[in-house]
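First up is the structure itself, then whatever we jot down about it.
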Amino acid sequence: NSRRLADYRKPGFLIPQIELTFELAADATRVTALMQVKRQQPTVPLVLDGQQLELQYIAINNIELRADQYQLTSEQLIISDAPAEFSLQITTTINPAANTALEGLYLADNVFCTQCEAEGFRRIMFFPDRPDILSVYTTHIIADQQQYPYLLANGNNISTEKLANGKSRVSWHDPFAKPCYLFALVAGNFDCLSDSFTTASGRKVSLQLFVEPGQQSKGQFAIAALKRAMRWDESRYNLEYDLDVYMVVAVDFFNMGAMENKGLNVFNSKYVLADDSIATDKDYFNIESIIGHEYFHNWTGNRVTCRDWFQLSLKEGLTVFRDQEFSADMGSATLNRIDAVKLIRTAQFAEDSGPMAHPIRPEQVLEMNNFYTVTVYDKGAEVIRMLQTILGQSGFNRGLACYLQRHDGQAVTCDDFISAMEDANEVNLQQFRLWYSQAGTPTVAIHQRYDSDNATLHLSISQRHTATVGQPDKQALLIPLQVQLLSSDRKVNQQHLIMLSQLTEQFTFADIASEPVVVWENFSAPVKLQQDYKLPQLLLIAKHASNGFARWDAMQVFWSDLIRQKAEQPTLSLTLPDDLIKLMRQWLQQPLSDKALTAELLSLPDFDTLAEQYQHIPVEAILCGLQSIKQQLADVLAAEWQQCYQATTSGPYHYNENEVGARALRNRCLNYLALVPQGSQLVQQHYSDSDNMTDTLAALTSAQQAKLASFGELATDFSHKWQNNVQVTDKYFSLMACDPTDEVFTHLTALSQHSLFSWKNPNRVRALFGAFSMRNPQQFHRADGKGYSCLAQVVARMDPINPQVAARLITPLLAWQRFNDQRRDHMLAELKQLAATSNLSNDLYEKISKSLP
Ligand code: ARG
Ligand code: ZN
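The sequence shown: position 204 = 211 (full-length UniProt numbering), numbered continuously.
As structure tokens, then:
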């Protein structure tokens with residue numbers, strides 16, 4: 008019973024207004040809804056979604072319905088002959104305490120909390136649970152005042168009353184019509200951080216951040232980040248906040264990063280709580296970016312929302328693009344680009360080449376939660392970025408303004424978005440629209456011929472598309488290629504935007520004085536690029552390209568080619584060219600002003616990036632190749648790593664661009680130094696000198712990867728020091744799950760019995776088993792299949808508790824086709840066994856059934 012984009016029908020009824028009353032109780036919360044309903048289509052029945060609800064009462068215009076006047080199934084309530092305009096009252100009871108799926112209304116850690124996107128509202132009450140039904144909500148919450156001092160819902164607070172029996176009743180009104188997936192309710196005991204923000208037009212907005220009691224000081228960074236995001240959206244896009252209050256609640260039990268509920272964001276505490284002793288540079292980065300992301304949704308998602316869930320990228324691709332631009336402005340734009348590209352080249356390319364491949368606008372869905380993917384989000388953001396590249400920043404901004412103005416208060420489609428871009432810029436984007444419907448990663452090949460007699464450069468550029476599930480034939484896409492032409496004598500140095508629109512196309516550049524390299528800048532399209540450059544060209548780019556991303560990319564290409572040699576000829580011993588060592592030595596002796604970029608230039612590609620370059624993943628060749636190269640680099644440049652380590656000092660911890668870069672470079676040096684004899688001492692020193700989590704974890708990780716004898720002791724010290732801190736315990740879990748030795752299985756078993764571990768808490772499960780399956784290729788991809796069976800057992804255990812988490816964890820097993828016989832057989836056996844489990848969730852069923860032959 009999956010749904011298709013092509014089957015979209017306009018809603019039969021609208022519900023312009025709804026008034027909700029929640030009487031909160033752990034295992035029997037009563038929800039009363041009073042809805043104003045209006046018929047839109049003649050004759051159709053009124054169909055309400057509802058799951059795991061107990062119907063108590065139903066009335067139309069105050070007259071209770073008889074049982075024969077409606078039909079009730081396990082998923083729907085249907086009223087066949089509803090009038091044209093009426094009020095509908097429904098009372099249901101639900102059990103938040105038993106809700107371990109964390110979808111709908113759940114009670115965990117003594118906090119009542121909702122998550123409605125995508126289709127969780129139907130677990131709260133009977134309602135047409137689809138994003139094109141927009142309603143104005145009034146919400147009343149009744150609960151015990153002592154236990155739940157804060158009762159929060161969307162919009163503005165309109166009244167607070169003390170009732171008899173120790174209860175209170177708080178009412179909220181949200182004047183903006185919204186889809187039910189943006190509804191939120193939170194009740195609990197919190198510390199509240201208050202601040203305020205005055206918008207560009209002078210409206211004062213009250214900001215409130217709710218955290219677990221005692222954690223107040225860990226919310227300061229998030230609230231400062233929120234103010235930066237609000238200011239940024241005003242200055243970049245002229246977009247202001249629209250309610251009197253903006254609330255953010257941090258909870259420990261949450262399936263994803265955060266949720267943009269109107270005026271009441273709910274956040275995974277991992278992306279809120281931070282201070283200099285527990286947060287890494289990466290944590291601070293993530294907090295700022297996710298705070299930005301949810302805030303930016305207020306316009307791109309909330310004021311203008313999606314017509315149906317196939318349009319998810321309309322809000323997510325666009326909002327990820329917006330948060331990336333925000334982060335780029337707050338820190339190193341180059342590093343941001345590099346990190347975004349790493350994600351596309353690992354997880355997104357993997358998704359494109361596996362059984363779950365889908366276009367950024369999927370066409371068929373069984374479980375919507377399975378489509379909150381790197382394709383919809385991050386490839387979606389790349390598609391938006393291409394629009395900005397094609398139209399220019401001001402053209403893009405004009406298009407966005409047109410889109411928001413034209414569709415304010417509506418639920419619309421990706422096509423509407425492109426039309427606004429077209430109209431605001433008077434261009435035709437018909438071919439560009441294919442990016443929304445075509446799945447898979449295109450390969451673009453550039454062949455160059457330089458005609459020195461005529462000083463002309465000829466480029467022959469082609470795009471190739473491979474079939475993906477359900478899409479055997481593909482058409483040529485419009486692909487913007489942003490390039491620099493650069494010659495070794497530097498006489499040629501020019502920038503061009505090449506628009507590739509055919510399968511094969513010729514481009515000619517006149518007055519090119521000497522033969523240049525074609526440098527691909529900024530990953531201007533989500534494609535695999537093939538150019539057959541050898542070492543001299545790659546070194547030229549790595550040294551002299553204007554674009555930092557391109558310099559890094561040249562190094563990545565070099566390492567990838569080297570590993571490929573090893574994969575093709577496993578007995579080969581890899582040797583490093585002198586010119587390359589010379590260049591790396593230079594960077595170490597004189598780091599660029601962007602130290603974070605320097606650190607990246609000195610880093611090897613990771614296992615996942617390399618794996619995506621092969622149809623069949625040569626696990627051993629990649630792992631051995633990486634290890635041997637790393638050891639050689641450590642040995643050959645030992646003196647320089649040491650010198651750069653010492654020269655790159657950092658004072659007391661501060662989170663800012665310069666110091667983040669310095670730490671990255673210094674820790675990169677440390678990571679190599681751990682592999683040489685004098686390094687062991689240094690790693691211990693680094694650990695004990697550290698005043699921050701970034702350096703502490705760098706020491707631990709370096710010791711672990713180099714298999715230093717001291718690792719055990721350091722790790723034990725670390726766990727004792729932080730045993731009462733949940734955030735750091737998650738880091739400890741992940742660290743131990745990355746143990747490259749056989750010992751890892753002992754750790755996994757022991758830590759799943761740790762006093763802070765709980766199968767019901769997604770953060771704990773992901774910290775331990777997500778890290779194992781996604782960041783420990785050596786043990787996860789063991790040839791004997793032990794890694795796979797470990798993950799499969801975890802998935803089987805999680806599915807009845809929390810299907811969304813189970814379905815995310817299973818991802819690496821779906822890729823069985825990409826491995827050799829032995830690994831493939833082990834993976835398949837695990838998948839088949841899971842498939843045979845009774846009561847498999849829709850989430851798992853959809854993924855497993857798609858991946859089995
Ligand atoms: N809209 C949220 C965000 O991007 C994420 C919701 C994820 N929902 C889900 N069912 N996985 O910020
Ligand atoms: Zn989002």
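C-beta atoms are modelled at their ideal positions from N, C-alpha and C, and glycine is treated no differently.
Alpha-carbon spacing of residue i relative to residue j, whole angstroms
i       : j       : result
Pro-784 : Thr-582 : 24 Å
Glu-619 : Ala-91  : 56 Å
Trp-594 : Leu-608 : 8 Å
Ala-232 : Ile-294 : 8 Å
Arg-825 : Ala-354 : 14 Å
Asn-461 : Phe-514 : 15 Å
Ile-165 : Leu-398 : 45 Å
Trp-43  : Cys-123 : Looking at the sequence provided, one finds Gln at residue 43 rather than Trp. Taking the straight line from one Cα to the other gives about 21 Å.
Ala-446 : Ser-320 : 13 Å
Gln-470 : Met-393 : 16 Å
Trp-566 : Leu-633 : 9 Å
Leu-838 : Ala-803 : 10 Å
Asn-827 : Pro-220 : 51 Å
Leu-682 : Leu-630 : 16 Å
Thr-341 : Gln-417 : 36 Å
Asp-181 : Phe-261 : 24 Å
Ala-474 : Asp-359 : 10 Å
Thr-121 : Asn-196 : 16 Å
Ala-603 : Asn-699 : 18 Å
Gly-477 : Gly-361 : 12 Å
Gln-83  : Ala-74  : 14 Å
Thr-448 : Ile-367 : 12 Å
Ile-345 : Ser-213 : 36 Å
Ser-401 : Ile-468 : 29 Å
For residue i, the residue or residues it bridges with in DSSP
i         : result
Ser-175   : Ala-150, Lys-169
residue 7 : The requested residue 7 is not part of the displayed model; the chain covers only 8 to 860.
Glu-92    : Lys-45
Gln-78    : Ile-85
Pro-523   : Ser-494
Asp-198   : Val-218
His-454   : Ser-467
Leu-516   : Residue identity check: residue 516 is Phe in the sequence provided, not Leu. DSSP lists Leu-464 as partners of Phe-516.
Met-506   : Pro-487
Val-419   : Cys-313
Ser-203   : Ser-213
Cut-off 6 Å between Cβ atoms - residues of its own chain near residue i, not counting five sequence neighbours on either side
i       : result
Gln-509 : Ala-483
Gln-786 : Val-751, Gly-794
Ser-848 : Asp-806, Pro-810
Val-256 : Val-193, Phe-217, Val-273
Pro-533 : Ile-351, Lys-386, Glu-389
Met-834 : Tyr-795, Leu-820, Trp-823
7 Å Cβ shell around residue i - same chain, five flanking residues per side excluded
i       : result
Cys-745 : Gln-711, Ala-778, Arg-782, Asn-783
Pro-577 : Ala-628
Tyr-739 : Phe-725, Ser-726, Trp-729
Leu-407 : Tyr-244
Gln-544 : Val-524
Pro-684 : none
Asp-772 : Asp is not the amino acid found at residue 772; the sequence shown has Val there. Only Trp-766, Met-805, Val-812 meet the Cβ criterion.
Pro-584 : Leu-542
Glu-107 : Here the sequence assigns Thr to residue 107, which means Glu is not the residue at that position. Excluding residues within five positions, the ones whose Cβ falls inside 7 Å are Lys-767, Ile-808, Asn-809.
Asp-430 : Cys-409
For residue j and residue i, believed in contact at Cβ under 8 Å, the rounded distance
i       : j       : result
Leu-27  : Val-38  : 7 Å
Glu-126 : Met-363 : Not a contact, Cβ separation roughly 19 Å.
Tyr-144 : Asn-161 : 6 Å
Ile-101 : Thr-50  : Ile-101 to Thr-50, Cβ: 32 Å. No contact.
Gln-489 : Glu-528 : 5 Å
Ser-717 : Arg-675 : Wrong, their Cβ atoms sit about 20 Å apart, outside the cutoff.
Tyr-291 : Phe-228 : 6 Å
Same chain, Cβ closer than 8 Å to residue i, neighbours up to 5 away in sequence not counted
i      : result
Gln-47 : Lys-17, Pro-18, Gly-19, Phe-20, Leu-21
Tyr-15 : Arg-314, Asp-315, Phe-317
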